[in-house]
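Heads up: the structure comes next, in structure tokens.
Protein chains: 2
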Amino acid sequence: MSSEQPAKKRISESTIHRLSMYYRTLSLLQKEGYETVSSKELANREKLTPAQVRKDLSFFGSFGTRGLGYDVNELKAKIGEILGIDRQWKLAIIGIGNIGSALVNYKEFSRQGFSIVKLFDNDQRKIGSNHKGIIVSDIKNLDKEIAEDGIEMVIITVPATVAQYMVDDVVRAGVKAILNFAPINLKVPPNVYLRNENMSMELEYLSFAIVNNHTPKNSK
Amino acid sequence: MSSEQPAKKRISESTIHRLSMYYRTLSLLQKEGYETVSSKELANREKLTPAQVRKDLSFFGSFGTRGLGYDVNELKAKIGEILGIDRQWKLAIIGIGNIGSALVNYKEFSRQGFSIVKLFDNDQRKIGSNHKGIIVSDIKNLDKEIAEDGIEMVIITVPATVAQYMVDDVVRAGVKAILNFAPINLKVPPNVYLRNENMSMELEYLSFAIVNNHTPKNSK
DNA sequence: ATTTTCATGTGAAATGGTTCACAAGAAATT
DNA sequence: AATTTCTTGTGAACCATTTCACATGAAAAT
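Line by line, the protein sequences are chains W and R. Position 51 of the first sequence, counting from 1, maps to 51 under the working numbering, and the rest follow consecutively. If you want the working numbering, it's the position in the second sequence, counting the first as 1, plus 1000.
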């Protein structure tokens, strides 16, 4: 008995990012009291084309009404579902330095359903300290505590020199996705998702743009 | 007398990001004692194809030696020049909250030649306080102080509700590029470069990936 | 009820980005 | 000096993404 895969078309990274943008804009439209919105209006707010908006959505179904547009609440719920943010995700932060401790208090995460439930460090001076109500745990207990809390994602904010070790630990503990802030190319097995957040890279892009008078088609 | 533009080909955002990656890897290769490197080796380290590496570089000139590869020091210098990071950039941070104050101490910025020289806030309790040797200035003095120091880029880490006002001020003060952390679509005139850093979006991507068992071609 | 207006959903076309494949040229080897 | 080995640089081919353009269908207006 062969279990058929549902012939999933490959969705581009850009489409998924735009879904995030639509989601955020739909939240705003809700607050502004809109009941429906057209692909045109949605596109205007993101500096995209209406066709782009419609095409993005069409990969996942047809959610609009011809002649009318999309129901704001409904579309938001639908995109939330697609993105998998129609629930709470529990996260841990590994490395409670500058960036790590800033992210503990980052409102935008909780607002989107990402809740930081555990903090880890290897520095004895930090272990036991309290950040926004969370006690920093010893990295040695990672395995046990990740399993206990059912944590599926972690944020890595340790120095580049130790990042790979932390990732190995975290992978062993069964984590499914990692957001990495260390400026290094990490290795993860194919069943673990990795994203790199590289803030210097963004500044370098700006530097390039100024120096070269760059006019990209569609910049972040 | 018409001033001819040098028919600059449009470089893609991805190419520029990859240049940043090459730059970082070349720094590492320097430390490891390599004198030359092939496109193949460079590609392996970034999980790219050798053709991609060569094509990226070819947009800017030909820097290698056939049969031998690229001189590590030379190529690094060349890419540094292209990216415009062969010099110091002076930056200010607007909004000294969680994220803002974390970035003041962010080593990776200074390492790449981005030096934070001014901090601004509108909160009287923060103004005058010392972060890593820098005194937080009143946002009211933005214009004067930006001009004084010749600051060309700023990082915006204020709440979304006030971000547009800050951007307007900063643009008026003559800033050329903005790295924005507020989760909102900002408006800037066409001669000002804007990049948005949206960390929730990265988590949402991971959420999508887990839920949909996503296998993108080439993920960040 | 009929017509007009509007905006979706989607194949097809156009554009943009990546990979292939190979000629060219430099260094190493015979 | 000639040959072999290696790796670059780049048009051409390929693949992915975006935009176009229009048939379709729902709502509003007559």
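Yeah, the Cβ is synthetic: ideal placement off N, Cα and C, and Gly gets one too.
A straight-line Cα-Cα distance of about 22 Å links Lys1047(R) and Thr157(W). Residues of the segment 182-211 of chain W with a C-beta atom less than 7 Å from some C-beta of chain R are Pro183, Asn185, Tyr193, Arg195, Asn196, Glu197, Met199, Ser200, Met201, Glu202, Leu203, Glu204, Tyr205, Leu206, Ser207, Phe208, Ala209, Ile210 and Val211, listed in chain order. Annotation: the segment 156-185 of chain W contains the following complete segments of the beta strand (DSSP E) (minimum length 3 residues), in chain order: 177-180.
The segment 1096-1150 of chain R is shown to contain whole alpha helix (DSSP H) runs of 4 or more residues at 1098-1104, 1107-1111 and 1142-1149, in chain order. Judged by DSSP secondary structure, Arg195(W) falls within the beta strand (DSSP E) whose first and last residues are Tyr193 to Asn196. The Cβ of Pro216(W) sits closer than 9 Å to at least one Cβ of chain R. Chain R has a Cβ within less than 9 Å of the Cβ of Glu46(W). Excluding the 5 residues flanking it on each side, Leu194(W) has same chain C-beta neighbours closer than 7 Å at Ile178, Asn180, Leu186 and Val188, in chain order.
Listed in chain order, the alpha helix (DSSP H) elements of length 4 or more contained wholly in the segment 1011-1039 of chain R are 1013-1031. Here the segment 1018-1028 of chain R does not lie against the segment 1145-1155 of chain R, with fewer than 3 beta-carbon pairs under 8 Å apart.
Arg24(W) is classed as buried because its beta carbon has at least 16 other beta carbons within 10 Å across all chains shown. Going by C-alpha positions, Arg45(W) is about 11 Å away from Val37(W). Glu13(W) belongs to the set of residues whose beta carbon lies under 9 Å from a beta carbon in chain R. Under DSSP, the beta-bridge partners assigned to Ala1092(R) are Lys1118(R) and Val1154(R). Inter-residue distance for Asp1138(R) and Gly1113(R) is about 26 Å (C-alpha atoms, whole angstroms).
Proximity of Lys176(W) to chain R, defined by a Cβ-Cβ separation below 9 Å, is satisfied. Against Phe114(W), the close residues of chain R are Ser1200, Leu1203, Glu1204 and Ser1207, in the order they occur along the chain (beta-carbon pairs closer than 9 Å).
In this structure the segment 76-90 of chain W touches the segment 1199-1215 of chain R; the number of beta carbon pairs closer than 8 Å is three or more. In this structure, the straight-line span from the alpha carbon of Ile1099(R) to that of Ala102(W) is close to 5 Å. Contact check for Val1117(R) and Leu1091(R): beta-carbon distance about 7 Å, within the 8 Å limit, so the pair qualifies. The C-beta distance from Met153(W) to Val175(W) rounds to 7 Å, short enough to fall under 8 Å. Pro1050(R) is positioned such that its CB atom lies no closer than 9 Å to that of Gly1095(R).
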